[in-house]
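Quick notes on the structure that follows.
Residue numbers (my numbering): 226 to 333.
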């Protein structure tokens, strides 16, 4: 049994080692490719993103100005006057006993 366990452990170790090696090779390949493409595409990125940045900033300004306009219109429609929302609550308040304008409990 111990011979079988040792061989399976060795196979597992070999698989782990090959897996680590393949990851390291992929990382070196990716890092090498990333450096070369970033140098080439860095010039093209600035040229291609500049118009889109201007478009997005103009769109942002337009959205912001629209939002400010909506806020100003809402502000003009605000009502700070006294308004009775529930007629039933008003009727109950009228029927409750008061002393100097304050509600009091009735003696039972």
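Just so you know, even glycine gets a beta-carbon here, dropped at the ideal spot from N, CA and C.
* To do: Under 8 Å Cβ to Cβ from residue 331, same chain only, skipping five residues before and after it: list those, please.
  => 322
* Coil, strand or helix - residue 305 by DSSP -> coil
* Asked: Could you give the residue range of the alpha helix (DSSP H) that holds residue 314?
  -> 312-320
* Alpha carbon of residue 298 to alpha carbon of residue 286, nearest angstrom -> 18 Å
* Leaving out the 5 sequence neighbours to the left and right, which residues in its chain are closer than 8 Å to residue 265 when beta-carbon positions are compared? -> The pLDDT assigned to residue 265 is 47, lower than 50, so where the model puts this residue is not dependable, and the model offers no usable value.
* DSSP on residue 329, reduced to helix/strand/coil? -> coil
* Asked: Is there a Cβ from chain B that is less than 9 Å from the Cβ of residue 242?
  -> Checking the listed chains, one finds no chain B in this structure; it contains a single protein chain.
* To do: Inspect the beta-carbon positions of residue 318 and residue 305 and report whether they are closer than 9 Å.
  => no
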